[in-house]
Amino acid sequence: MSIKNKIDSKRNFFEDVFEVVKLIPKGRVTSYGAIARYLGVASSARMVGWAMNASHTEKAVPAHRVVNSQGLLTGKHHFVPPSAMQKNLEKEGVKVVKDKVQDFEKKFWDPAKELL
DNA sequence: AGCTTGACTTTGA
DNA sequence: GTCAAAGCCAAGC
Numbered sequence: 011m012s013i014k015n016k017i018d019s020k021r022n023f024f025e026d027v028f029e030v031v032k033l034i035p036k037g038r039v040t041s042y043g044a045i046a047r048y049l050g051v052a053s054s055a056r057m058v059g060w061a062m063n064a065s066h067t068e069k070a071v072p073a074h075r076v077v078n079s080q081g082l083l084t085g086k087h088h089f090v091p092p093s094a095m096q097k098n099l100e101k102e103g104v105k106v107v108k109d110k111v112q113d114f115e116k117k118f119w120d121p122a123k124e125l126l
């Protein structure tokens, strides 16, 4: 049974986002829009980010692997400390310069395609 | 029940 | 290349 099936059953926004984010392979990143689209709410990328805000309760959620469409670490300010996000990414092999993921297109992981 | 806010995206100038 | 505006849906007040 795929994760998608589970999500389809629950339709719980936070859990949906959490599950998908947890599936992001190490050393890869994705965007809020990609997750939102995978969940079927493409236009509501903001909701994904917002759901991530609740990820603080779920420690297992690698929110640092989620960036915006430009590969920018827009959510780093929500980390403690903010620099933790970049640090975690670099530790996983993702180079980050000036809050931007290097080789974003290569590192990008689209659940709609990879997790199909 | 209605208004504001938000870790976004896309398009146009 | 940067800046501004609109679209979008859910939670909080």
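Numbering (the working numbering), first residue to last: 11 to 126. The beta carbon of each residue, even a glycine, is placed where N, CA and C say it ideally should be.
Around the CB of residue 40, 16 or more other CB atoms lie within 10 Å, so the residue is classed as buried. For residue 98, the enclosing alpha helix (DSSP H) starts and ends at 93–101. In this structure, the straight-line span from the alpha carbon of residue 75 to that of residue 34 is close to 7 Å. Under DSSP, residue 77 shares a beta bridge with 41. The C-alpha of residue 27 is placed about 11 Å away from the C-alpha of residue 63.
Judged by beta-carbon spacing, residue 120 lies within the 8 Å limit of residue 44, meaning their Cβ atoms are closer than that value. Remark: C-beta atoms of residue 104 and residue 117 approach each other more closely than 8 Å.
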